[in-house]
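Quick notes on the structure that follows.
In our numbering, the protein residues as written are 986 to 1236.
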């Protein structure tokens, strides 16, 4: 094996390497190329995973001064402000990790972390919804409602009551996805996003603005209680980009 500490300016070593290479048969050369490509792909993937991290800092503002009090690191990247939530001096975080694997394409998975006041990880749930990414998240007390998407919309109910052991209570798979979620009552979550359908080429395309009403009274078996889909594939709303465009008024 060729180590990382090899000195390629060593003439004797390079001559030996060339001599060895020239002595190989066609089959041996092909096997060597395949082996090197696999090792290079693995190295590139691990390097991406190592670099795909988010640093989190906590600052104090006192008498016009900014001072750093703590810092921590989690795997992956955050979607938006709803990917963070503080409760009882702990910070809850949702991330998506994404790496490009040669010959396989993009690999994605999602993670939930709980950090203490020093921003050290005290609980985690990793590898959630492989090959999908987070489209929306909503922390409500000890629960996290999470939507990931690639071809269908898994709507997850995640329990955070045990900070050291976040766990999935239940999930629902339906067409479409929600880009924004809002709690409208104790057991009802409103999701705003897009309906989807299979395209003539076998992929998945958006098929109109969608508003879903999720019933989470049975946390292990959430259901889509009702939905509204606006006509027109390109129908949309500013809420998909700016949650402040959403207004909910109770009767």
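Note that beta-carbon positions come from the ideal geometry of N, C-alpha and C, so glycine has one too.
Problem set entry | Selected residue, minimal CA-CA separation from residue 1209, among 1050, 1069, 1140 | Start at 1 with the first residue of the chain shown, and residue 1209 comes out as number 224. Distances from the alpha-carbon of residue 1209 to those of 1050, 1069, 1140 put 1140 closest.
Problem set entry | Nearest-angstrom Cα separation, counted from residue 1061 out to residue 1086 | Along the chain shown, one-based indexing puts residue 1086 at 101. Along the chain shown, one-based indexing puts residue 1061 at 76. Residue 1086 and residue 1061: Cα-Cα distance of roughly 16 Å.
For this session: May I ask which residues mark the beginning and end of the beta strand (DSSP E) holding residue 1082?
Result: Translated into positions along the chain shown, residue 1082 becomes position 97. Residues 1075-1086.
Exercise. Should residue 988 be labelled buried (16 or more other beta-carbon atoms within 10 Å of its own) or exposed?
Worked result: On the chain shown, residue 988 is found 3 positions in, with the first residue counted as 1. With a pLDDT of only 46 at residue 988, under the threshold of 50, the placement of this residue in the model should not be trusted, and no figure is reported.
Exercise. In terms of alpha-carbon separation, which member of 1236, 1054, 1040 lies closest to residue 1046?
Worked result: Here residue 1046 corresponds to residue number 61 of the chain shown, with the count starting at 1. Per the Cα distances, 1054.
Exercise. Which ranges would you report for the beta strand (DSSP E) in the stretch 1096-1127 if only whole runs of at least 3 residues count?
Worked result: 1106-1113, 1118-1125
Exercise. Bridge partners of residue 1057, per DSSP?
Worked result: By one-based count along the chain shown, residue 1057 stands at place 72. DSSP output for residue 1057 lists 1041 as bridge partner(s).
For this session: Tell me whether the beta-carbon of residue 1123 lies closer than 8 Å to the beta-carbon of residue 1179.
Result: Translated into the one-based positions of the chain shown, residue 1123 becomes position 138. Translated into the one-based positions of the chain shown, residue 1179 becomes position 194. No.
For this session: Would you identify the three-state DSSP class for residue 1030, choosing helix, strand or coil?
Result: The residue given as residue 1030 occupies position 45 in the chain shown. Here residue 1030 sits in helix by DSSP.
For this session: Mind checking which residues open and close the alpha helix (DSSP H) that includes residue 997?
Result: Mapped onto the chain shown, residue 997 falls at position 12. 996-1008 is the span of the alpha helix (DSSP H), which, as asked, contains residue 997.
Problem set entry | Status (buried if at least 16 other CB within 10 Å, exposed otherwise) for residue 1199 | Counting from one through the chain shown, the residue named residue 1199 turns up at place 214. By the neighbour-count rule (16 or more Cβ atoms within 10 Å), residue 1199 is buried.
Exercise. In the DSSP assignment, what residue or residues form a beta bridge with residue 1072?
Worked result: Taking the chain shown and counting its residues from 1, one reaches residue 1072 at position 87. According to DSSP, residue 1072 bridges with 1075.
Problem set entry | C-alpha gap between residue 1073 and residue 1153, whole angstroms | Here residue 1073 refers to the residue found at position 88 when the chain shown is read from its first residue. Here residue 1153 refers to the residue found at position 168 when the chain shown is read from its first residue. Approximately 21 Å, taken between the alpha carbons.
Exercise. Taking the alpha-carbon positions, what's the residue 1089 to residue 1182 distance?
Worked result: If you number the chain shown from 1, residue 1089 lands on position 104. If you number the chain shown from 1, residue 1182 lands on position 197. Distance between the alpha carbons of residue 1089 and residue 1182 is about 24 Å.
Problem set entry | Counted within 10 angstroms of its Cβ, other Cβ atoms place residue 1202 as buried (16 or more) or exposed | Locating residue 1202 in the chain shown gives position 217, where the first residue counts as 1. Exposed, by the Cβ-count rule.
Exercise. Roughly how many angstroms separate the alpha carbons of residue 1236 and residue 1077, rounded to a whole number?
Worked result: For the purposes of this step, residue 1236 is taken as residue 251 along the chain shown, with counting starting at 1. For the purposes of this step, residue 1077 is taken as residue 92 along the chain shown, with counting starting at 1. Rounded to whole angstroms, residue 1236 to residue 1077 spans 32 Å at the Cα level.
Exercise. Would you call the CB atoms of residue 1081 and residue 1066 closer than 8 Å?
Worked result: As a working mapping, residue 1081 is identified with position 96 in the chain shown. As a working mapping, residue 1066 is identified with position 81 in the chain shown. No, they are not a contact pair.
Exercise. Candidates 1170, 1216, 1215, 1220: which alpha carbon is nearest residue 1233's?
Worked result: The residue given as residue 1233 occupies position 248 in the chain shown. That would be 1170, whose Cα lies nearest to the Cα of residue 1233.
For this session: Within the stretch 1139-1217, note down every full beta strand (DSSP E) run reaching 3 residues or more, in order along the chain.
Result: 1152-1159, 1162-1170, 1173-1183, 1189-1200, 1208-1214
Exercise. Within 10 angstroms of its Cβ, does residue 1143 collect 16 or more other Cβ (buried), or is it exposed?
Worked result: For the purposes of this step, residue 1143 is identified with residue 158 of the chain shown, where counting begins at 1. In the assembly as shown, residue 1143 is a buried residue. Its beta-carbon has 16 or more other beta-carbons within 10 Å.
Exercise. Residue 1031: buried (16+ other C-beta within 10 angstroms of its C-beta) or exposed?
Worked result: Here the question's residue 1031 lines up with position 46 in the chain shown. Flag for residue 1031 reads exposed.
Exercise. Cα separation between residue 1015 and residue 1021?
Worked result: One-based indexing of the chain shown puts residue 1015 at position 30. One-based indexing of the chain shown puts residue 1021 at position 36. CA-CA distance, residue 1015 to residue 1021, rounds to 10 Å.
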